[in-house]
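Peer 1:
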Amino acid sequence: MSYSIGVKELKTRLDKGDKLVLLDVREPWEHALAKLEGSVLIPLGTLPQALTKLDKNTEIIAYCHHGMRSADATGFLVQQGFANVKNLVGGIDAWSIQVDNTVPRY
Numbered sequence: 002m003s004y005s006i007g008v009k010e011l012k013t014r015l016d017k018g019d020k021l022v023l024l025d026v027r028e029p030w031e032h033a034l035a036k037l038e039g040s041v042l043i044p045l046g047t048l049p050q051a052l053t054k055l056d057k058n059t060e061i062i063a064y065c066h067h068g069m070r071s072a073d074a075t076g077f078l079v080q081q082g083f084a085n086v087k088n089l090v091g092g093i094d095a096w097s098i099q100v101d102n103t104v105p106r107y
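Structure (structure tokens):
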């Protein structure tokens with residue numbers, strides 16, 4: 002099973018109306034600058050304490066600035082028994098460049 006998804010594939014799936022949870026693992030100040038609409042903010046450092054906020058039966062797409070923290074979050078969630086988790090490759094920066102240039106880059 003692949004634990005990653007590209008920004009264009011995510012855009013296609015969102016446009017189709019697929020039920021996904023967008024998990025933003027960046028810090029609150031980053032989320033305030035730029036975010037994907039409808040995302041849930043749980044900074045990576047607080048993720049272990051926030052597992053009850055996530056549904057193990059829902060597909061989760063984790064993202065951060067460039068994809069490193071969200072890769073860590075994806076691995077952690079898989080270890081915790083979340084079977085359907087993917088890391089957004091390139092993060093919100095790639096989203097801004099390849100999908101939606103109205104999302105600010107920082």
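Counting from 1 along the sequence shown, just add 1 to a position and that's the residue number in this note's numbering.
Note that beta-carbon positions come from the ideal geometry of N, C-alpha and C, so glycine has one too.
Since the structure is predicted, the reported quantities are computational estimates derived from the model, not experimental observations.
#1: Could you tell me which whole beta strand (DSSP E) segments of length 3 or greater appear in the segment 28–91?
#2: On the premise that N58 lies in contact with A72, defined as a C-beta separation below 8 Å, what is that separation, rounded to the nearest angstrom?
#3: Look at the Cβ atom of S97, then the Cβ atom of A33, and state whether they are nearer than 8 Å.
#4: Residue range of the alpha helix (DSSP H) that D16 falls in?
#5: Could you work out which residue in S5, I61, G7 and N102 is closest to D25 when comparing CA atoms only?
Peer 2: Once the coordinates are examined:
#1: 60–64 and 86–89
#2: The Cβ separation is near 22 Å, so there is no contact.
#3: no
#4: V8 to K17
#5: I61
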